[in-house]
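Let me begin by presenting the structure, written as structure tokens, before commenting on it.
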Amino acid sequence: MRQEFQSRPELDEALALLPLDEPFAPFALPVSDQPQVSVIIPVHGELAYTLACLRSLARHGAQAPFEVIVVDDASPDASAATLAQVGGLHLLRNTANLGFIGSCNAGAEAARGEFLLFLNNDTQVTSGWLDALLRCFAERADCGIAGSRLVYPDGRLQEAGGLVFADGSCWTTGRFEPRDLPLFRCRREVDYVSGASLLIRRDVFVRAGGFDARYAPAYYEDADLAFAVRRFGLRVYYEPTSTVIHCEGISAGTDLDRGMKRHQRPNRAKFIGKWTAALAAQPPAGTPLERAIHWRRRGRVLVVDAMTPEPSRDSGSLRLCAILRLLDEQGWSTAFLPDDGRASPAEIDALGALGCEVLSKPWVADLPRWLREHGNELHAVILCRHTVAGQYAGLVRRHAPQAKLIFDTVDLHFLRERRAAELGGSAIMARQAEAARRSELALIEQADVSLVVSPHEQSLLARLLPQARVELLSNIHEVHGCRQPYAGRGGLVFIGGYGHPPNSNAVRWIAEEILPKLREALPDIRVHVLGDMPDTARHELATPGLEFHGRVAELAPWLDHCLATLAPLRFGAGVKGKINMSMSHGVPVIATTIAVEGMQLADGVNVLVADDAAAFVEAVRRLQCDETLWQQLSVRGLDNVQQHFSAAAAAAALHRVLD
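Heads up, the sequence shown is in my numbering, so the first residue is 40 and it goes up one at a time.
Structure representation (structure tokens):
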């Protein structure tokens, strides 16, 4: 009510709507001989809106090839004659008014695409809208229908997927909310999506019988189609990165007793009669919206880490994103809170694609306030790193006593810090390591379950805290396979950001000792460093043959062409993502004993171990001269990732912890 009475601009300038009063001049739409998508637009008058819709399609296009089919449903104005002048448009004309359902089904019969996209004529699309819907199908094998985020011309959210209650009543979630509210920026399974922008495979649409004619001319046909698709074992998803502006009410009005809207009440009765059994599993009428939105999920899991994960930044981020993906696949509703409060739009979208709501500023001020409001909804809370968990473990116990408290060590910080202190002979660092040890062990005792990434750390904690429950949940990597042969490979790669102390120490060792000795034996050898690197370090460590490339968007091109990767770590803990990543691409690794700790690797079998500069030189020379050895390390490294660091192994650990 407050929003309805607030004064606001009629249009949100950020949406860049096309004007309705633009004089008509012929224009053309993209065309394709083999369209992947058939965009079907039923129209009945309202020519100005139809033309604006078509102009938005021409303006934004898509990476995927598509065709546009307009079904003129006996329009009372000059729609048919005018639309005939639009190039690339497939225009169908109904001799009699068939209504929305009849026109959509007629358009589907004429479609050539693998996918059908039903689009209202009172919409305007935005950049990337269609490719985002297709991406939902590509990333979710069980996707049967995907629907766009619908917004009003004034910028407020109109629909973020729909709810169906046990009494057959429906509600569009998010109505009148700010469109960028975190809850509505994550991909989510929903009961149905509006036919205003709905994507479905053509064969699934045909199998479902199209839009059911019993609801003609319109209303409840989109909810009915969603229930039919679920009967095939498929799901309906709301896709927030596909934004469509919808002038709701233009095509059908808003009065439930007049025009098209008068069919809404009788069609609800038909819907109840058809889906009585399925409706019994829906939330009862009156269920709070927050609970109804998560109705299809097993429960809510909150994850807190120091900052928003960015997979290209570090292996911890890569692991956390994989965990969030697995939690979603296992049916949990997830929320992520960065302790620093920051998350970029790209990061929010990336986690949103994993079904994860991002609780960042300005929407969420801090964790204590959020827990006070939502703590009773949580099944589990995962606190990552002792620096974060130490702040909030007590708060979780107080505001979410029913939730399972899980401490994810990420790696045992005290072990890494103690080794750094020993290497540097620093008493100050030794005291810091001891403080970290006390903090981590206290948290492990307090938590219901603690997670470690290596068997070595699990065994260590079994000796130190035999009463604590400690589970192994290691790095998680996709096995990409070796995509390029041995022939033609050259150069070495180091992966890792300079901000992580073990990495900065390793890069310095490469620059000052390992690479100079390598170039004595192999004058043309180059080492490529991939990861964030401050300019001061670049200048200080400048060495012939050492090339700094910063953080790269894709590691694959480098791993496809290098001879090997280096992991000359002289201290650290946990398992090393740089080693996993290399081996997942079939690239041999030369690493120190510390680097391969807890990774089930053996020198000469699936890795080459080197603990001084001379040993690194010898290992590189062996790989340059022995293709058989290179092939053996490549194949066995891939096997190691598959056996110990796959999604399947991590999924089993999550089941043990959460079920």
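Glycine included, each C-beta is placed from N, C-alpha and C at the ideal position.
Just so you know, these numbers come straight off a predicted model, no measurement behind them.
Bounding residues of the alpha helix (DSSP H) (the contiguous stretch that carries residue i)
i, result
"residue 621", "616-623"
"residue 574", "574-579"
"residue 517", "Residue 517 -> no alpha helix (DSSP H), and no H or E assigned at all."
"residue 596", "595-598"
"residue 315", "315-318"
"residue 652", "652-664"
Helix, strand or coil at residue i [DSSP, three-state]
i, result
"residue 333", "coil"
"residue 309", "helix"
"residue 323", "coil"
"residue 290", "With a pLDDT of only 45 at residue 290, under the threshold of 50, the placement of this residue in the model should not be trusted; the figure read from the coordinates follows. It is coil, neither helix nor strand."
"residue 197", "strand"
"residue 709", "The chain is shown only over 40 to 698; residue 709 falls outside these bounds and no answer can be derived."
"residue 697", "helix"
"residue 630", "strand"
"residue 548", "helix"
"residue 258", "coil"
"residue 682", "helix"
"residue 639", "coil"
"residue 236", "strand"
"residue 245", "helix"
"residue 589", "strand"
"residue 263", "helix"
"residue 279", "strand"
"residue 456", "helix"
"residue 568", "strand"
"residue 285", "strand"
"residue 441", "coil"
"residue 672", "helix"
"residue 532", "strand"
"residue 449", "coil"
"residue 608", "coil"
"residue 157", "strand"
"residue 541", "helix"
"residue 217", "strand"
For residue i, the first and last residue of its enclosing beta strand (DSSP E)
i, result
"residue 189", "182-190"
"residue 170", "Here residue 170 belongs to no beta strand (DSSP E); instead the alpha helix (DSSP H) covers 168-178."
"residue 50", "Where residue 50 is concerned, there is no enclosing beta strand (DSSP E), given that its DSSP letter is neither H nor E."
"residue 423", "417-423"
"residue 557", "Here residue 557 belongs to no beta strand (DSSP E); instead the alpha helix (DSSP H) covers 554-560."
"residue 339", "338-344"
"residue 209", "209-211"
"residue 150", "Element bounds for residue 150: n/a, residue is neither H nor E."
"residue 229", "Premise fails: residue 229 is in no beta strand (DSSP E) and is neither H nor E."
"residue 644", "From DSSP, residue 644 is part of no beta strand (DSSP E); its letter is neither H nor E."
"residue 165", "Looking at the DSSP string, residue 165 is not in any beta strand (DSSP E), and its letter there is neither H nor E."
Nearest-angstrom Cβ-Cβ length linking residue i and residue j, presumed shorter than 8 Å
i, j, result
"residue 482", "residue 428", "5 Å"
"residue 649", "residue 658", "5 Å"
"residue 139", "residue 256", "6 Å"
Candidates the options: closest to residue i by CA position
i, options, result
"residue 210", "635, 325 and 341", "325"
"residue 674", "622, 373 and 415", "622"
"residue 205", "334, 152 and 405", "334"
"residue 711", "316, 595, 306 and 373", "Any answer about residue 711 is impossible in this case: the structure gives the chain only from 40 up to 698."
"residue 402", "126, 222 and 167", "222"
"residue 262", "513, 202 and 218", "202"
"residue 62", "192, 475 and 87", "87"
"residue 216", "194, 234, 76 and 358", "194"
"residue 91", "65, 661 and 553", "65"
"residue 154", "303, 219 and 183", "183"
"residue 407", "426, 388, 420 and 431", "431"
"residue 395", "367, 521, 240 and 462", "367"
"residue 628", "613, 607 and 612", "607"
"residue 511", "322, 492 and 518", "492"
"residue 468", "278, 159 and 610", "610"
"residue 105", "152, 130, 624 and 356", "152"
"residue 525", "603, 309 and 477", "603"
"residue 233", "269, 276, 665 and 220", "276"
"residue 308", "320, 253 and 339", "253"
"residue 50", "95, 191 and 142", "191"
"residue 688", "99, 530 and 358", "358"
"residue 693", "464, 391 and 489", "489"
"residue 136", "150, 130 and 114", "114"
Cβ-heavy atom distance, residue i to the ligand SAM, below 7 Å
i, result
"residue 229", "This structure lacks the ligand SAM; in fact it carries no ligand of any kind."
Task: Length-filtered (4 minimum) alpha helix (DSSP H) runs lying within the segment 348-415 - done: 354-368, 384-391 and 406-413
Task: 4-residue-minimum alpha helix (DSSP H) runs that sit fully inside the segment 460-528, ordered along the chain - done: 466-485 and 494-503
Open item on the list: Ignoring anything shorter than 4 residues, give me the alpha helix (DSSP H) runs that lie fully in the segment 55-141, in order along the chain.
Closed with: 86-99 and 118-122
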